[in-house]
Amino acid sequence: METRKHLLEKASLSESEVPQITSNIISGDALALKSPPLQLDLEYHANNDTKVSQFAKHSFHCIVGNPPYIRIQNTSAEKRDYYTSAYLTASGRFDISTLFIELAEHLLKDQGRLGFIVSNKILSTSSAKRLRSFLISNFAIEEIVDLSDTKLFDAAVLPMILITTHTQKNNNNIAYSSITESNNHIENAIHTDDILGLITESHIPFEANIEITQRIFQVQRFYTNTPSARANVWTFHNERENRLLSMLRRNSACTLGEISEKISVGLKTTADQIFIKPMTQNFIKQKGFEPDVIFPLFESHNIGRWRYSWNARRDLYVLYPHAEQGGKVVPINLEAYPRVKKYLEANKTLLEARTYLAKSDRRWYEIWVHQSPSDFRLFFPKNKFRIFVLG
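So for the sequence shown, numbering that gives the first Met the number 0 puts the first residue at 0; every next one is plus one.
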């Protein structure tokens, strides 16, 4: 068991003799048996006896964990039905790690502490809206550390550290930290081997460039208000950013969200070397690809102010293995596109290496983020703007 292995490794660093910890470790599917009082029919071995542990409601002082990230579509229909009936926060295309937060509320005493590593998607996705409301109603959120896509430790998701206290009295202030990697060379960066330790020991507010293992990270930490229960997404801004946003709202006729149906990135193939980079006019003619799945690719250098410039001999196309059916974008039937099928199957090993597609119940030849070709679009070459403050 991984838990036992890691605890023994930790203990061996500080103990002269390896402690006996078998009787303190219980393993099982906690989500499967949520009922008051919570009955965990969990087996563990102590003196060769099989024992059953009963965890009473609101009986724990502290819960710390890194819940498993498993998309609901990758579980059995029986489990999906159970989760949606047993958990208030099970909504939409959720992942089961979020259910452990609701389970923690069931187990924690009043003023009990919770510390979890979860996906930062719980701050923004529509499927986590119930969870965000649940957090505000049942916990005082003390600290959030958003690690974004820094890959500072191995995780299947964009991780976030969440620390809360179980109480219905909401704490108005959250200590929020964000860590983002910078591609710029910074001369005066602070060197450290423990970026999280540095943040924990820092005064608030804190803002600095940090260097760790020859990588530069922009770090900021500040106090912010607990989001409103009515907020669709949770975003956090420091005092300077809040002043700027207030000024923009006062002087804006409307927001982009008020005049658009959707704001999104473009295509994300996660295999550009197959779907985009070879797709010149000559390559497409040579392979004889079926034209229904070949589209001109607009990149930032093709877009200007009120104009675009795209040349078939100079610019690239994209192989788009999707089609619109009944208002939805679905993967094409490869049998109807024999030349495209031959090309994709020649690259199947590389495409199947994108294991997250299979885990998301997607086909091996799909583009990871696809957009509808029929959507009306406004293109922007980059997020580039300037604000003039007069007076």
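All C-beta atoms in this analysis are idealised placements derived from N, C-alpha and C, irrespective of residue type, glycine included.
- In the structure shown, Pro-337 adopts helical secondary structure according to DSSP, grouped into three states.
- Of the residues Ile-140, Tyr-82 and Arg-239, the one whose Cα lies closest to the Cα of Gln-110 is Ile-140.
- Assignment of alpha helix (DSSP H) within the segment 126-173, counting only whole runs of 4 or more residues, yields 128-137 in chain order.
- Taking the Cα of Leu-87 as reference, the smallest distance to any Cα among Ile-62, Ser-126, Asn-73 and Ala-55 is reached at Ser-126.
- According to DSSP, residue pairing for Tyr-316 in a beta bridge involves Pro-295.
- With fewer than 16 neighbouring CB atoms inside 10 Å of its own CB, Ala-345 falls in the exposed class.
- Here Gln-219 has Ser-177 and Glu-206 as same chain residues with Cβ atoms under 6 Å from its own Cβ, once five neighbours each way along the sequence are excluded.
- In this structure Ser-118 is not in contact with Asp-148, their Cβ atoms being roughly 12 Å apart against a cut-off of 8 Å.
- A buried status is given to Pro-226, since no fewer than 16 other beta-carbon atoms sit within 10 Å of its beta-carbon.
- Per DSSP, reduced to three states, the secondary structure at Lys-120 is helical.
- Checking the DSSP bridge columns, you'll see Glu-206 partnered with Gln-219.
- Secondary-structure assignment with DSSP links Cys-253 through no beta bridge to anything.
- Straight-line measurement puts the Cα of Phe-99 at about 16 Å from the Cα of Gly-91.
- Val-232 is positioned such that its CB atom lies no closer than 8 Å to that of Ser-371.
- Under the Cβ criterion (8 Å, minimum of three pairs), the segment 287-295 counts as touching the segment 318-329.
- In terms of CA proximity to Ser-373, Gly-326 leads the group Ile-71, Ala-230 and Gly-326.
- When only Cα atoms are considered, Leu-197 and Thr-191 end up about 8 Å apart.
- Between the segment 356-366 and the segment 258-277, the count of Cβ pairs shorter than 8 Å is three or higher; the stretches touch.
- Inclusion of Arg-70 and Ser-359 in the CB contact set at 8 Å is warranted, their separation being smaller than that value.
- Taking the CA atoms as reference points, Phe-138 sits about 35 Å from Ile-258.
- The distance from the Cβ of Leu-113 to that of His-165 is about 7 Å, consistent with a contact at the 8 Å cut-off.
- In its chain, beyond the 5 residues on either side, Ser-181, Ile-185, Asn-187, Ala-188, Ile-189, Ile-215, Phe-216, Gln-217 and Val-218 have a beta carbon closer than 8 Å to the beta carbon of Asn-208.
- The DSSP-derived three-state label of Pro-290 is helix.
- The alpha-carbon of Thr-163 is positioned some 23 Å away from that of Thr-179.
- Thr-234 places its beta carbon 8 Å or farther from that of Ile-173.
- In this structure, Asp-314 lies near Leu-296, with their beta-carbon atoms less than 8 Å apart.
- Apart from sequence neighbours up to five positions away, the residues of its chain that approach Ile-194 with a beta-carbon distance below 6 Å are Ile-209 and Ile-211, ordered along the chain.
- Approximately 18 Å separates the beta-carbon atoms of Leu-30 and Leu-134; this is outside 8 Å, ruling out the contact.
- In the structure shown, Asn-224 falls within a strand segment according to DSSP collapsed to helix, strand and coil.
- Annotation for Ile-203: Ala-174, Arg-220, Phe-221 and Tyr-222 place their beta carbon closer than 8 Å to its own, counting only its chain and skipping 5 residues before and after.
- Note: Tyr-307 is bridge-paired with Ile-302 in the DSSP secondary-structure output.
- In this model, Ile-121 and Ala-228 are separated by some 14 Å (Cα to Cα).
- Per the DSSP secondary-structure output, Pro-330 pairs in a beta bridge with His-321.
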